[in-house]
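S.K.:
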Amino acid sequence: MKLLTLLAAAGLATAQTSGNGTVTGKMGDARQVKNNPIGEVWKAVFDGSQGVKGTVTAVGVKIGVNYTVDVTGLPEGKGPFSFHVHLKAIPPNGTCADTGTHLDSFVRGTEPPCDSKAPQTCEVGDLSGKYGKVDAPAAKKEFNDAYSALDKIMLGYIGERSIVFHDASSARIACANIAKVAAP
Numbered sequence: 100m101k102l103l104t105l106l107a108a109a110g111l112a113t114a115q116t117s118g119n120g121t122v123t124g125k126m127g128d129a130r131q132v133k134n135n136p137i138g139e140v141w142k143a144v145f146d147g148s149q150g151v152k153g154t155v156t157a158v159g160v161k162i163g164v165n166y167t168v169d170v171t172g173l174p175e176g177k178g179p180f181s182f183h184v185h186l187k188a189i190p191p192n193g194t195c196a197d198t199g200t201h202l203d204s205f206v207r208g209t210e211p212p213c214d215s216k217a218p219q220t221c222e223v224g225d226l227s228g229k230y231g232k233v234d235a236p237a238a239k240k241e242f243n244d245a246y247s248a249l250d251k252i253m254l255g256y257i258g259e260r261s262i263v264f265h266d267a268s269s270a271r272i273a274c275a276n277i278a279k280v281a282a283p
């Protein structure tokens, strides 16, 4: 209960600026996540039903999460494609429209656009804003995001949410739930 009270109070604060003058969230810059379960794996599987097939894999490391984006079927002429962690998982019988907004643990919003030179000032879920958009028809990309969490009590928790790909017009073209992969 104290955590919720603290978060609510922090959410009422005005926007802050980072040392470089970039507008950040109402709760300040994202903080590096240093207590993820090392080696824990979460995966979003795109089954091809929306045209996109492949995976986005997240693996816990000492600082943040190592991501691997490996997808095919991105439609020609519709990119470049952005991709984000969205706040909600796709409900049964749901669509990408049901995934809510981007994961925004520090209450930043989408404006001004994410500055990839200062990823701590971006929405936690704005992965392509921080690490680059992808092009059709296939994308393979690897990066570490120091601000993603695999521990449910941490701000920036990505588990049980979704990954959504957007075309150049920002339309949601494919989505998949992020689920924990069972240990072998």
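Numbering (the working numbering), first residue to last: 100 to 283.
Backbone N, C-alpha and C fix where the C-beta goes; we use that ideal spot for every residue, glycine too.
1. Please state the DSSP three-state secondary structure of Ser117.
2. So, with DSSP's three-state summary, where would you put Cys221?
3. Straight-line CA distance for Tyr246 to Asp169?
4. If you pair each beta-carbon of the segment 126-140 with each one of the segment 153-169, do three or more pairs fall below 8 Å?
5. Rank Lys279, Gly199 and His183 by C-alpha distance to the C-alpha of Lys232 and give the top, closest one.
6. Going by beta carbon distance, what residues of the same chain come within less than 8 Å of Val151, once the five residues before and after it are set aside?
7. Taking Asn192 as the reference, which of Asn276, Ala281 and Val280 has the closest Cα?
8. Secondary structure at Tyr246, three-state DSSP: helix, strand or coil?
9. Can you say whether Ser268 is buried or exposed, counting buried as having 16 or more other CB atoms within 10 angstroms of its CB?
10. Could you have a look at Ala273 and say whether DSSP puts it in helix, strand or coil?
11. Do Thr220 and Thr123 come within 8 Å of each other at the CB atom, strictly closer than that value?
12. Could you compute how far the alpha carbon of Gly208 sits from the alpha carbon of Thr194?
13. Which residue wins for smallest C-alpha separation from Lys133, given the options Ile262, Asp266 and Asn243?
14. From the DSSP output, in three-state form, read off Ser181 for me.
15. Spatial neighbours of Ala235 within its chain, please: C-beta separation below 8 Å, excluding the five flanking residues on both sides.
16. Does the beta-carbon of Arg130, which I'm using as the reference point, lie nearer than 7 Å to any heavy atom of the ligand GTP?
17. So for Ser148, helix, strand or coil by DSSP?
18. Sorted by chain position, which residues of the same chain lie with C-beta nearer than 6 Å to Glu259's C-beta, five sequence neighbours on each side aside?
19. Quick check: the Cα distance between Val155 and Ala143, rounded to an integer number of angstroms?
M.R.: Let's see:
1. Note that Ser117 scores a pLDDT of 47, beneath 50, so its modelled location is shaky; the value from the coordinates is reported in the next line. Coil, per DSSP.
2. coil
3. 21 Å
4. yes
5. His183
6. Phe145, Val170, Thr171, Gly172, Leu173, Phe264, Ile272 and Ala273
7. Asn276
8. coil
9. Exposed, since its Cβ has fewer than 16 Cβ neighbours within 10 Å.
10. If DSSP states are grouped into helix, strand and coil, Ala273 belongs with the strands.
11. Cβ distance < 8 Å, so Thr123 and Thr220 count as in contact.
12. 23 Å
13. Asn243
14. The three-state reading of DSSP puts Ser181 in strand, counting E and B together.
15. Closer than 8 Å at the Cβ level, and outside the excluded window around Ala235, lie Leu173, Pro174, Glu175, Gly176, Lys177, Gly178 and Phe180.
16. By its list of ligands, the structure shown contains no ligand whatsoever, and the ligand GTP lies outside what it can speak to.
17. coil
18. Ala188
19. 5 Å
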